[in-house]
Structures are given as C-alpha cells and as structure tokens.
Amino acid sequence: MRTQVLSFDLIRGEIPDMAQNEAANQSQRNTAAKVLWTAMKLELTPKQRECMELCVLRGMSQVEASRLLGVNKATVCRHIQKARRILKKAAGYAGMGNLLPER
162 MRTQVLSFDL
172 IRGEIPDMAQ
182 NEAANQSQRN
192 TAAKVLWTAM
202 KLELTPKQRE
212 CMELCVLRGM
222 SQVEASRLLG
232 VNKATVCRHI
242 QKARRILKKA
252 AGYAGMGNLL
262 PER
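Just so you know, we're using my numbering here: the sequence shown kicks off at 162 and counts up by one.
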C-alpha cells in the first residue's frame, strides 16, 4: 500500500481522485489540510506566508518569486525553509506530523 503524504494541493482545494482503499483517509487528510491552512495564517510571518503562497501554492520558482517581491532568491529560499519547519511543527502538535512530506 502506498504511504499517505499530505500535499499542498489539498490546501489549494485540488484533491485528486483517490482509490477506494484510500477513501477512509480522506477525512484525516482534510483535517490536516485545515490545520496547515490555519497554521499558515496564524504562525507564519507575512513574508514567509507570501513566499509559500507564491512558490508552493502558485507554483512559481524561487527566482520568479524573488523578482516579484524584490528580494534575493536566497531570502525566498530561507523564508520557505523556515515556513516548512513551522508548518511541520504545527502538524506535529496536531498529531499529524506523519502526513507531511520530508524535504
């Protein structure tokens, strides 16, 4: 059986069709997406949230995001790394740390 991984696609609302044997996990995955969305709103700084929205949710490259924001690519990378650590910690507190992908 495939390992369940929470994707940021859930936050965007683009949940792919799942096989019948995975239907039982749908509720848990939706709850995890809500936890991550709430953590994005409450726990991240505005710059971290902006970088995550551009690079992770909208699919921009870090270079594109850095040009749009007027900062260095390394700054965007650092904001995303910190945001991922914060979101992983928030998911762990909610008992859902095993659903986040390792990076």
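C-beta: ideal position from N, C-alpha, C; glycine also.
Exercise. Helix, strand or coil: which one does DSSP assign to N186?
Worked result: Within the sequence shown, numbered from 1, the residue matching residue 186 stands at position 25. Of the three classes helix, strand and coil, the one that applies to N186 here is helix, per DSSP.
Problem set entry | Pairwise C-alpha distance: R245 and L230 | In the sequence shown, residue 230 corresponds to position 69, counting from 1. In the sequence shown, residue 245 corresponds to position 84, counting from 1. One C-alpha to the other measures close to 19 Å.
Exercise. Does K249 have its Cβ less than 7 Å from a Cβ in chain C?
Worked result: No chain C is part of this structure, which consists of one protein chain only.
Exercise. Count the other CB atoms within 10 Å of the CB of A235; is the residue buried (16 or more) or exposed (fewer)?
Worked result: Translated into the one-based positions of the sequence shown, residue 235 becomes position 74. Answer is exposed; the Cβ neighbour count stays below 16.
For this session: Pick helix, strand or coil for G253, following the three-state DSSP scheme.
Result: The residue given as residue 253 occupies position 92 in the sequence shown. DSSP places G253 in helix when its eight states are reduced to three.
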